[in-house]
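Q: The structure follows.
There are 2 protein chains.
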Amino acid sequence: MDDIKFMKKAIKLSIENIKNGGGPFGAVIVKDGKIIATGVNRVTAHTDPTAHAEVNAIRKASKKLGTFDLAGCEIYSSCEPCPMCLGAIYWAHCDKLYYGNTKTDAKNIGFDDSFIYDEIDLTAEKRQLKTYQLLPEEAIEAFKDWTNTEDKVKY
Amino acid sequence: MDDIKFMKKAIKLSIENIKNGGGPFGAVIVKDGKIIATGVNRVTAHTDPTAHAEVNAIRKASKKLGTFDLAGCEIYSSCEPCPMCLGAIYWAHCDKLYYGNTKTDAKNIGFDDSFIYDEIDLTAEKRQLKTYQLLPEEAIEAFKDWTNTEDKVKY
Numbered sequence: 002m003d004d005i006k007f008m009k010k011a012i013k014l015s016i017e018n019i020k021n022g023g024g025p026f027g028a029v030i031v032k033d034g035k036i037i038a039t040g041v042n043r044v045t046a047h048t049d050p051t052a053h054a055e056v057n058a059i060r061k062a063s064k065k066l067g068t069f070d071l072a073g074c075e076i077y078s079s080c081e082p083c084p085m086c087l088g089a090i091y092w093a094h095c096d097k098l099y100y101g102n103t104k105t106d107a108k109n110i111g112f113d114d115s116f117i118y119d120e121i122d123l124t125a126e127k128r129q130l131k132t133y134q135l136l137p138e139e140a141i142e143a144f145k146d147w148t149n150t151e152d153k154v155k156y
Numbered sequence: 002m003d004d005i006k007f008m009k010k011a012i013k014l015s016i017e018n019i020k021n022g023g024g025p026f027g028a029v030i031v032k033d034g035k036i037i038a039t040g041v042n043r044v045t046a047h048t049d050p051t052a053h054a055e056v057n058a059i060r061k062a063s064k065k066l067g068t069f070d071l072a073g074c075e076i077y078s079s080c081e082p083c084p085m086c087l088g089a090i091y092w093a094h095c096d097k098l099y100y101g102n103t104k105t106d107a108k109n110i111g112f113d114d115s116f117i118y119d120e121i122d123l124t125a126e127k128r129q130l131k132t133y134q135l136l137p138e139e140a141i142e143a144f145k146d147w148t149n150t151e152d153k154v155k156y
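Chain order of the listed sequences is A and B.
Residue numbers for the first sequence follow our numbering, so the first one is 2 and each next one is one higher.
Residue numbers for the second sequence follow our numbering, so the first one is 2 and each next one is one higher.
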């Protein structure tokens, strides 16, 4: 079965990445039965907190296909995506998500995935991240300009 | 007040970005009372679905400071962050978040932020994104290796 083959590849990447100074996460993006991009966690290696396996794979796939829309693609991740990566998967419009480890497994080895899911569920006032709204009456001007712009690229 | 000044800058970036072929979003990261990085939405311009204003600002700030840990920093975003960006803010450990427009404002001009928040709240089986777990017994090997690795950089 091809889905097993692709998940094995994502898992292999996750294991190899530890030896390469990265976190234990790998991802593979597939289109029309072929791998078009892979990604591994390079947060510490590249000093980039957004450099998770899925985000990296999505960026590579988008660059390769020349589009920000990955409809028709499937993503295989060695671990259930964190909220950042799950958000990225939605923005990319991937068709399907396959994962191996769970966010609870990630929590058990010291990663914050589960904590961030809990925080996102709360209203802003109840989150540990102190959050304040400022100048909404000025900020909305950008959205009015956007609405009035005719030749924009929607996504 | 400095917080007003920084939010005005984020809003200004969001408005200017429309003219530069981007979405109506801007962000500013501040440390010790000074702007250390800015970001705007370049999703369509760079064909990168992860290139939101906050993610771009976090990447730049991390590169500039040479660390994946932005504790001590505040982020000002012209719009309430989507789940991807909010996740990135948590991973970066920013101290505070200031925003202008809300996710409902974003929904009203055609952006998916609110939809993605709704989806993340659901269990995987109920999401529109088809999601399947595969090979957990193989995937967990990476996490065992991680646990057994002594000289790893935690984050």
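Backbone N, C-alpha and C fix where the C-beta goes; we use that ideal spot for every residue, glycine too.
All values reported here derive from a predicted model rather than from experimental measurement.
Taking the straight line between their C-alpha atoms, what separation do you get for B/Gly67 and A/Ala46?
A: Whole-angstrom Cα-Cα distance: 11 Å.
Q: For B/Gly157, count neighbouring C-beta atoms within 10 Å of its own C-beta (all shown protein chains included) and say buried if the count is 16 or more, exposed if not.
A: Residue 157 of chain B lies beyond the stretch modelled for chain B, which goes from 2 to 156, so this question has no answer here.
Q: From the DSSP output, in three-state form, read off A/Ile110 for me.
A: It is coil, neither helix nor strand.
Q: Tell me whether A/Lys9 sits in a helix, a strand or coil according to DSSP, three-state version.
A: Residue state, collapsed to three classes: helix.
Q: Note down, in chain order, each residue of its chain lying with its Cβ closer than 8 Å to the Cβ of B/Glu120, except the 5 sequence neighbours on either side.
A: Arg128, Gln129 and Leu130, listed in sequence order.
Q: Return the chain-ordered ranges of every alpha helix (DSSP H) run that is complete within the segment 6-92 of chain B and spans a minimum of 4 residues.
A: Counting only runs of 4+ residues, the alpha helix (DSSP H) found wholly inside the segment 6-92 of chain B occupies 54-66, in chain order.
Q: What first and last residue would you give for the beta strand (DSSP E) that runs through A/Ala131?
A: The amino acid occupying residue 131 of chain A in the given sequence is Lys; Ala does not appear at that position. Segment Lys131 to Gln134, the beta strand (DSSP E) holding A/Lys131.
Q: Taking 8 Å as the threshold (beta carbon to beta carbon), is A/Ala58 in contact with chain B?
A: no
Q: What residue from A/Asn57, A/Leu71, A/Asn42 and A/Pro50 has the CA that sits closest to A/His94's CA?
A: A/Leu71
Q: Please determine, among B/Gly101, B/Ala58, B/Asp106 and B/Thr103, the residue with the shortest C-alpha to C-alpha distance to B/Ile90.
A: B/Ala58
Q: Taking the alpha helix (DSSP H) that B/Lys97 belongs to, which residues open and close that run?
A: Premise fails: B/Lys97 lies in the beta strand (DSSP E), Lys97 to Asn102, not in any alpha helix (DSSP H).
Q: Using a beta-carbon distance cut-off of less than 9 Å, what residues from the segment 93-104 of chain B approach chain A?
A: Correct list: Ala93, His94, Cys95, Asp96, Lys97, Leu98, Tyr99, Tyr100, Gly101, Asn102 and Thr103.
Q: So with CB distances below 8 Å, who are the chain A contacts of B/Ser15?
A: Ala140 and Ala143
Q: If I'm right that A/Ser79 touches A/Phe26 with Cβ under 8 Å, what's the distance once you round it to whole angstroms?
A: 6 Å
Q: Is it buried or exposed for A/Val44, if we count other Cβ within 10 angstroms and need 16 for buried?
A: Counting the other Cβ atoms within 10 Å of the Cβ of A/Val44 gives 16 or more, which makes it buried.
Q: So, using beta-carbon positions, are B/Glu75 and B/Lys108 closer together than 8 Å?
A: no
Q: With distances taken between CB atoms, is the gap from A/Ile30 to A/Ala62 smaller than 8 Å?
A: yes
Q: So if I threshold CB-CB distances at 7 Å, which residues from the segment 12-39 of chain A count as touching chain B?
A: Ile12, Ser15, Ile16, Ile19 and Pro25
Q: Which same chain residues end up closer than 8 Å to B/Lys104 when comparing Cβ atoms and leaving out the 5 residues on each side of it in sequence?
A: These residues qualify, in order along the chain: Cys80, Glu81, Cys83, Asp114, Ser115 and Tyr118.
Q: Consider the Cβ of A/Lys127: report whether some Cβ of chain B lies at a distance smaller than 8 Å.
A: no
Q: Please list, in chain order, the residues of the segment 79-90 of chain A that have any C-beta partner in chain B closer than 9 Å.
A: Ser79, Cys80, Glu81, Cys83, Pro84, Met85, Cys86, Leu87, Gly88, Ala89 and Ile90
Q: Using three-state DSSP, classify A/Glu151 as helix, strand or coil.
A: coil
Q: Counting only C-beta atoms, is B/Val154 closer than 8 Å to chain A at any point?
A: Chain A contact via Cβ: present.
Q: Would you report the Cα separation of A/Gly23 and B/Ile141, rounded to the nearest angstrom?
A: 16 Å
Q: Looking only at its own chain, which residues have a Cβ that is under 8 Å from the Cβ of A/Asp49, when we skip the five neighbours before and after it?
A: Arg43
Q: According to the neighbour-count rule (16 or more other Cβ atoms, all chains shown, within 10 Å of its Cβ), is B/Met2 buried or exposed?
A: exposed
Q: Compare the C-beta of A/Lys108 with all C-beta atoms of chain B and state if any pair is closer than 8 Å.
A: no
Q: Could you give the distance in angstroms between the alpha-carbon of A/Lys155 and the alpha-carbon of A/Ala11?
A: 32 Å
Q: Given that B/Val41 touches chain A, what residues does it touch there, using C-beta distances under 9 Å?
A: In chain order: nothing, as chain A lies at least about 11 Å away.
Q: Can you tell me whether A/Tyr118 is helix, strand or coil according to DSSP?
A: helix
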